[in-house]
Amino acid sequence: MPINYKKTGKMVIISSPSGGGKTSICRRLLNPARKKQGWRFSVSFTTREARTGEKNGREYFFVSDQEFDRLQKQGSFAESFKVHLYKYGTPREPIEKVRKEGGVMVFDVDVEGARRLHQEYPDAIAIFILPPSIAALKDRLKKRGTETNEQLAVRYENARIEMKTFRDYNFDYVVVNQELNEAVKQVLAIVEAHGCRIENVDEEQLRRITG
Ligand code: 5GP
291 MPINYKKTGK MVIISSPSGG GKTSICRRLL NPARKKQGWR FSVSFTTREA
341 RTGEKNGREY FFVSDQEFDR LQKQGSFAES FKVHLYKYGT PREPIEKVRK
391 EGGVMVFDVD VEGARRLHQE YPDAIAIFIL PPSIAALKDR LKKRGTETNE
441 QLAVRYENAR IEMKTFRDYN FDYVVVNQEL NEAVKQVLAI VEAHGCRIEN
491 VDEEQLRRIT G
């Protein structure tokens, strides 16, 4: 067990174009062992319908347009955005809880959501996941088989733009997801190293060591 001299409550923002592999990476990050250590997934609200296998409250909170707008007006979202054809919002309350009580909160958001979260919480770690190539991304999206041809066309186009422009969104790190295990390893290394940055250590605890 390493000596604890780090501030509690880390935020890890994972973003990538559709098919870039961020959802698989998030799933691996949130394995039972890490959940025990206080890792949590930020469950967003969305107006899109649940896909087969998705469970309300696990992948997303699936809500109506009216409910989403009500929550938004109430200020319940740290950021919200219309991605593709639907609305998505990151709830604020669980973030505040993790920041206060400790743990690691993982966010799976689009590039705009990443930029906004990072802006509001500058100490968050923002990581952009790149597929090894556009061809690989197209292949993954097609194989997933969860979108209609029309939805696929929108996602290809967005992905192409996001891969070209991700430098404008204030990410701290980029990971190329050629092989899932390697990509997860790199993300974990980033999170570990980020916690050791001088500005992220808890001065009070450090002083107990240094006197
Ligand atoms: P999907 O519908 O495939 O689950 O997600 C579509 C896109 O919305 C993905 O890029 C996903 O990362 C993003 N997304 C999911 N939740 C949020 C959120 O709360 N805010 C933002 N900005 N994007 C989100």
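Here our numbering is used: the first residue of the sequence shown is 291, the next is one more, and so on.
For glycine and all other residues, C-beta sits at the position ideal for the given N, C-alpha and C.
Distance cut-off 7 Å: residue i Cβ against heavy atoms of the ligand 5GP
{"i": "H374", "result": "yes"}
{"i": "K312", "result": "yes"}
{"i": "S366", "result": "no"}
{"i": "E357", "result": "no"}
{"i": "E402", "result": "yes"}
{"i": "Y514", "result": "Outside the displayed span of the chain (291 to 501) sits residue 514, for which this structure offers no information."}
Sequence-distant residues of its chain with Cβ nearer than 6 Å to residue i (five each side left out)
{"i": "H374", "result": "V444"}
Option nearest residue i by Cα separation, candidates the options
{"i": "V302", "options": "P422, G328, E357, S308", "result": "G328"}
{"i": "A404", "options": "S306, K296, K297, N294", "result": "S306"}
{"i": "I417", "options": "I424, L407, A426, S423", "result": "L407"}
{"i": "Q394", "options": "D355, N321, L442", "result": "One point to set straight first is that residue 394 is Val, not Gln, in the sequence displayed. Per the Cα distances, N321."}
{"i": "E349", "options": "L361, D355, F335", "result": "F335"}
{"i": "L361", "options": "G343, D458, E489, T337", "result": "T337"}
Under 8 Å between C-beta atoms of residue i and residue j
{"i": "V396", "j": "S332", "result": "yes"}
{"i": "S366", "j": "R389", "result": "no"}
{"i": "D492", "j": "K297", "result": "yes"}
Cβ-based burial, residue i [other Cβ within 10 Å; buried from 16]
{"i": "T380", "result": "buried"}
{"i": "Y446", "result": "buried"}
{"i": "L470", "result": "exposed"}
Neighbourhood of residue i by C-beta distance below 8 Å, restricted to the same chain and skipping five residues each side
{"i": "I415", "result": "K300, M301, V302, I303, D462, Y463, I480, V481, H484"}
{"i": "R330", "result": "L320, P384, V388, G393, V394, M395, V396"}
Contact set for residue i: own chain, Cβ-Cβ below 7 Å, skip 5 residues either direction
{"i": "A340", "result": "N346, F352"}
{"i": "V466", "result": "L420, P422"}
{"i": "V474", "result": "I315, R318, L319"}
{"i": "Y459", "result": "V401, A404, R405"}
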